[in-house]
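Heads up, the sequence shown is in numbering that gives the first Met the number 0, so the first residue is 0 and it goes up one at a time. Cβ atoms here follow ideal geometry from the backbone N, Cα and C, with glycine treated the same way.
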Amino acid sequence: MSNGVVKTAKDGAESAFESFIIENACADRKLKNFQKTLTEIPKFGKVIKTKEIIEELNKNV
């Protein structure tokens, strides 16, 4: 996660997109890197869980 997903979210934020990173749908080779990255994401996006995104999508059905 510390490269591809984060880079994409940062690039999106620079172009005025709101990025949502689904925490339990991402991983990193090292748990320490994963946890560190999760603390940095709120600077340019939002960390959510799969359950939250499903609930939000169901509100609009």
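query, result
"Ile53, enclosing beta strand (DSSP E) - first and last residue", "Not the beta strand (DSSP E): Ile53 falls in the alpha helix (DSSP H), residues 49 to 58."
"Proximity of Thr49 and Ala24 at Cβ, strictly below 7 Å", "yes"
"One or two residues paired with Phe19 in a DSSP bridge", "Lys45"
"Classification of Ile20 by the beta-carbon crowding that lies within 10 angstroms, buried from 16 upward", "buried"
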